[in-house]
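A short worksheet on the structure shown next.
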């Protein structure tokens, strides 16, 4: 179902656009779950940028919504998508992340790699980035081509709206994030940026080690509801994080108890994650 060019793009570039993968009924079910999640936030809801121009409702792995999303993803063709993209026999569902930007006032999201602050490694990781609105390219997710095989940078703290490179750890273990937006203003060719116009039903599939960001809203595109569903396959391992930030130390901020049972390089497995195939 996935052509070889699309598989190659995902492997080499770290991201690809899958057109019309979800039908309107599936999108409706996912949007209902998204809105329920927003109305019933979990313990990991993010509010450090509230009151700034980057204010966004972000929630990760909401335990109140886990059963709902576990059931939905098992009924939809996500396992087929990622098994084909990776060439993996097995596929597991990790968790959801929700982004809600409203009112046309929230700017670009800072560039970052998810794996800087999540204890993940291996080729078989995939984020399904799903928008419930039509997004022109200027309001869509941006990815640095091939960066999932490049430098692993320090995470972004997401707490300093004036400095998107403010580090999550800052202990020298990982190099500080480059200021990609500033670089692009000075030289539009300084980074190889990928982005697509996205319509409901499309999926931007990206490896979480890819540098990605952007997707702001404005007066022309004032609302963006985005659901990110994360999946992993056979080549997925646990990677210990630096200890200098207690919020992320060793295990990451999510599923801390389950991650405490894993050592560096272990297969990334736990009964808490729904196996889809």
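Residue numbers (this note's numbering): 7 to 283.
Just so you know, even glycine gets a beta-carbon here, dropped at the ideal spot from N, CA and C.
- Burial check for residue 68: the Cβ neighbour count within 10 Å reaches 16 or more, so the residue is buried.
- Between residue 21 and the set 246, 265, 277 and 217, the nearest pair of CA atoms involves 217.
- Of the residues 263, 23, 156 and 205, the one whose Cα lies closest to the Cα of residue 277 is 263.
- Excluding its 5 nearest sequence neighbours in each direction, residue 131 has C-beta neighbours in its own chain below 7 Å: 213, 214, 238 and 242, listed in chain order.
- Beta-bridge annotation (DSSP): residue 102 is paired with 235.
- In the structure shown, residue 127 adopts extended strand secondary structure according to DSSP, grouped into three states.
- Spanning the alpha carbons of residue 111 and residue 271 requires a straight line of approximately 42 Å.
- Contact between the stretch 94-111 and the stretch 154-162 is absent: fewer than three C-beta pairs spanning the two stretches fall below 8 Å.
- When the Cα atoms are used, residue 173 and residue 235 turn out to be separated by approximately 25 Å.
- Counting only runs of 3+ residues, no beta strand (DSSP E) is found wholly inside the stretch 245-269.
- Rounded to whole angstroms, residue 90 and residue 18 show a C-alpha spacing of 15 Å.
- Collapsing the DSSP output to three states places residue 201 in a strand.
- At the C-beta level, residue 209 and residue 150 stay beyond 7 Å of one another.
- Residue 28 and residue 230 have their alpha carbons spaced roughly 18 Å apart.
- Within the same chain, Cβ atoms closer than 7 Å to the Cβ of residue 189 are found at 196 and 197, the five residues on either side in sequence being excluded.
- Between residue 99 and residue 283, the CB-CB gap reaches or exceeds 7 Å.
- Around the CB of residue 192, fewer than 16 other CB atoms lie within 10 Å, so the residue is classed as exposed.
- Judged by their CB atoms, residue 259 and residue 115 are not nearer to each other than the 7 Å cut-off.
- Per DSSP, reduced to three states, the secondary structure at residue 136 is strand.
- The three-state secondary structure of residue 68, taken from DSSP, is coil.
- For residue 115, DSSP records a beta bridge to 220.
- Following the DSSP letters along the chain, one finds residue 21 inside the beta strand (DSSP E) bounded by residues 21-24.
- As the crow flies, the alpha-carbon of residue 95 is around 15 Å from that of residue 8.
- If you ignore the 5 residues before and after residue 124, its C-beta comes within less than 6 Å of the C-beta of 258, all in its own chain and listed in chain order.
- For residue 144, the closest alpha carbon among the candidates 51, 226, 206 and 49 is that of 226.
- A Cβ-Cβ contact shorter than 7 Å links residue 117 with residue 186.
- In the displayed model, residue 229 falls within coil according to three-state DSSP, outside both helix and strand.
- In the three-state reduction of the DSSP assignment, residue 52 falls in the strand class.
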